[in-house]
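I have placed the structure first, in the form of structure tokens, so that the comments after it can refer back to it.
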């Protein structure tokens with residue numbers, strides 16, 4: 021097979037096909053770049069629309085102890101209840117603007133159940149403030165519950181998991197949590213709020229992403245085609261050698 025591969029015409033063909041593979045790779049990279057640009061533009065419009073949308077009561081979108089639908093991520097909702105300050109937890113190792121800190125996670129007890137509320141991000145645990153007392157109206161964005169972590173202890177949890185929180189806070193509980201945007205009465209202004217939650221896969225244009233994959237597949241086919249041609253060439257050489265050996269006795 022090596023003898024067939026180093027023949028001049030096969031080397032020339034390899035150069036041509038590698039050039040085609042390179043072009044396909046560049047076109048795939050360009051399509052990926054377009055996917056990111058278009059996805060970012062669409063995401064910016066989506067975020068602006070969701071932030072400008074009026075809040076709807078949470079029970080119109082999601083009820084406690086029901087499955088969290090993917091299209092509920094980022095929905096702007098409102099809820100009325102009372103914060104349970106004694107149940108407040110810190111969620112460590114959470115990033116905001118390239119800094120790692122803690123989320124303040126507080127249960128809001130409503131007439132229908134317990135709503136986990138991410139009230140803010142703080143850089144150090146000592147900055148965790150108590151929630152506003154009495155009845156509050158909160159507005160924010162829904163996000164799906166996370167997978168269970170290593171458990172809850174010492175006022176901390178490493179996951180915002182309704183499956184774990186129900187054991188500490190009781191139920192019924194929502195299967196998602198609220199990322200706070202505003203509160204009435206307000207909480208301290210020095211607390212940093214999180215941005216709009218995003219569903220997995222947002223930020224890319226799927227059509228351009230598919231085009232990128234197609235170009236990369238075409239480039240791979242170019243290399244595979246050369247290998248196939250070399251194999252066929254080597255097989256032809258083997259057949260010729262066999263014919264020569266069979267013809268040799270009769271020639272003598």
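Numbering (my numbering), first residue to last: 21 to 272. Here a beta-carbon is modelled for each residue, glycine too, at the ideal position from N, C-alpha and C.
- By DSSP's assignment, residue 111 forms a beta bridge with 123.
- In the three-state DSSP reduction, residue 160 falls in the strand class (E or B).
- Less than 8 Å separates the beta-carbon of residue 135 from that of residue 78.
- Straight-line spacing of the CA atoms in residue 203 and residue 145 works out to 22 Å.
- In the DSSP annotation of this structure, the continuous segment of the alpha helix (DSSP H) that includes residue 182 starts and ends at 182-189.
- The way I'd put it, the segment 142-162 does touch the segment 107-121; three or more beta-carbon pairs between them come closer than 8 Å.
- DSSP places residue 137 in the uninterrupted beta strand (DSSP E) bounded by 134-142.
- If you look at residue 165, you'll find it isn't in any beta strand (DSSP E); DSSP assigns it neither H nor E.
- Residue 115 places its beta carbon 8 Å or farther from that of residue 161.
- Secondary structure note for residue 201: its beta strand (DSSP E) is the uninterrupted segment 196-204.
- Counting only the Cα atoms, residue 90 lies some 55 Å from residue 255.
- Residue 124 sits buried, since 16 or more C-beta atoms from the chains shown fall within 10 Å of its C-beta.
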